[in-house]
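Chemist:
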Amino acid sequence: FMADDIRLWTEVQPEIHREDIMRCYSGITLMPGARETVRALQSRRVFVAIVSAGVDVFVGTIADMLKVDDWAANGFDWDDEGMLRGPAPTQVNSHEKGLLVEKLARIKELEPESIVSVGDSSTDLSMMIPGSGFIGFNPARQRAVDAFEAAGVPVVLEGDLRALWPHIFDGEEFPDSGEGD
Numbered sequence: 089f090m091a092d093d094i095r096l097w098t099e100v101q102p103e104i105h106r107e108d109i110m111r112c113y114s115g116i117t118l119m120p121g122a123r124e125t126v127r128a129l130q131s132r133r134v135f136v137a138i139v140s141a142g143v144d145v146f147v148g149t150i151a152d153m154l155k156v157d158d159w160a161a162n163g164f165d166w167d168d169e170g171m172l173r174g175p176a177p178t179q180v181n182s183h184e185k186g187l188l189v190e191k192l193a194r195i196k197e198l199e200p201e202s203i204v205s206v207g208d209s210s211t212d213l214s215m216m217i218p219g220s221g222f223i224g225f226n227p228a229r230q231r232a233v234d235a236f237e238a239a240g241v242p243v244v245l246e247g248d249l250r251a252l253w254p255h256i257f258d259g260e261e262f263p264d265s266g267e268g269d
């Protein structure tokens with residue numbers, strides 16, 4: 089999809105600088121409960137990673153804001169002056185995210201049973217490697233809801249990441265930190 093996006097962008101503006109792309113992603117905000125959930129997971133020594141077929145500039149910004157342990161996404165190819173040449177080689181294929189989950193599991197020496205992936209689209213189910221868990225979260229399309237239900241995974245319809253907690257920790261309520269968003 090990145091090649092298609094770049095083609096459309098360059099039809100409007102033939103030369104695109106890295107700063108132009110950075111400006112597009114400035115001012116992003118996190119969804120409710122994101123910081124609190126990552127912080128609470130890490131306080132329990134849970135390894136938190138983002139695996140996204142999205143753009144690394146955007147995903148990296150979110151990963152930095154949340155201080156996650158690792159992340160992977162797709163990038164752009166820039167020349168020495170910072171001009172866009174095209175998409176970089178694909179690191180994360182949207183239908184094969186499980187390959188990266190398996191790689192992270194090997195690197196971090198994690199058993200699949202200790203892994204819970206979270207996603208909002210049907211292609212995110214590819215992260216559910218054998219033995220691991222998956223939670224459908226805030227799906228935007230009915231197709232995703234249907235795929236999650238067919239896969240027999242829990243589905244959280246609300247857009248607050250704290251709502252994942254009881255699914256990860258067997259009915260346990262999210263710990264009250266006394267902090268707001």
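In the numbering used here, the protein residues as written are 89 to 269. Using N, Cα and C, we set each Cβ at its ideal position, and we do this for glycine too.
Just how far apart, CA to CA, sit residue 247 and residue 102?
Modeler: On the sequence shown, residue 247 is found 159 positions in, with the first residue counted as 1. On the sequence shown, residue 102 is found 14 positions in, with the first residue counted as 1. C-alpha separation (whole angstroms): 37 angstroms.
Chemist: Whole-angstrom Cβ separation of residue 198 and residue 257, contact assumed at under 8 angstroms?
Modeler: Within the sequence shown, the letter at position 110 stands for residue 198. Within the sequence shown, the letter at position 169 stands for residue 257. Not really, about 17 angstroms apart at Cβ, beyond 8 angstroms.
Chemist: Determine whether the Cβ of residue 225 lies closer than 7 angstroms to any Cβ atom of chain C.
Modeler: Here there is only one protein chain, and chain C is not present.
Chemist: Compute the beta-carbon to beta-carbon distance between residue 200 and residue 224, rounded to the nearest angstrom, for a pair I have assumed lies under 8 angstroms.
Modeler: In the sequence shown, the residue the question calls residue 200 occupies position 112. In the sequence shown, the residue the question calls residue 224 occupies position 136. At roughly 18 angstroms, the Cβ-Cβ gap does not stay under 8 angstroms, so residue 200 and residue 224 are not in contact.
Chemist: Consult DSSP for residue 236 and reduce its assignment to one of helix, strand or coil.
Modeler: The residue labelled residue 236 in the question sits at position 148 within the sequence shown. Residue 236 falls in the helix class under three-state DSSP.
Chemist: Relative to the alpha-carbon of residue 142, which residue among 162, 212, 104 and 179 has its alpha-carbon at the smallest distance?
Modeler: Sequence index remark: in the sequence shown, residue 142 carries index 54 (1-based). Between residue 142 and the set 162, 212, 104 and 179, the nearest pair of CA atoms involves 162.
Chemist: Could you say which of 203, 229, 263 and 232 lies nearest to residue 218 if we only look at CA atoms?
Modeler: Position 130 of the sequence shown holds residue 218. If we check each option's Cα against that of residue 218, 203 comes out closest.
Chemist: Quick check: the Cα distance between residue 231 and residue 168, rounded to an integer number of angstroms?
Modeler: Start at 1 with the first residue of the sequence shown, and residue 231 comes out as number 143. Start at 1 with the first residue of the sequence shown, and residue 168 comes out as number 80. Taking the straight line from one Cα to the other gives about 42 angstroms.
Chemist: Buried or exposed, going by whether 16 or more other CB atoms sit within 10 Å of the CB of residue 154?
Modeler: What you label residue 154 is simply residue 66 of the sequence shown in a count that begins at 1. That one is buried.
Chemist: Using the beta-carbon count (16 or more within 10 Å), is residue 259 buried or exposed?
Modeler: On the sequence shown, residue 259 is found 171 positions in, with the first residue counted as 1. Residue 259 comes out exposed.
Chemist: If you run the structure through DSSP and keep just helix, strand and coil, what is residue 156?
Modeler: Sequence index remark: in the sequence shown, residue 156 carries index 68 (1-based). The answer is coil: DSSP assigns residue 156 none of H, G, I, E or B.
Chemist: Exposed or buried, residue 191, counting other C-beta atoms within 10 Å across all chains shown (16 or more means buried)?
Modeler: Counted from its first residue, the sequence shown places residue 191 at position 103. Residue 191 should be labelled exposed.
Chemist: Classify residue 121 as buried or exposed, calling it buried when 16 or more other Cβ atoms lie within 10 Å of its own Cβ.
Modeler: On the sequence shown, position 33 is the one that residue 121 refers to. Classification of residue 121: buried, given that the 10 Å Cβ count is 16 or more.
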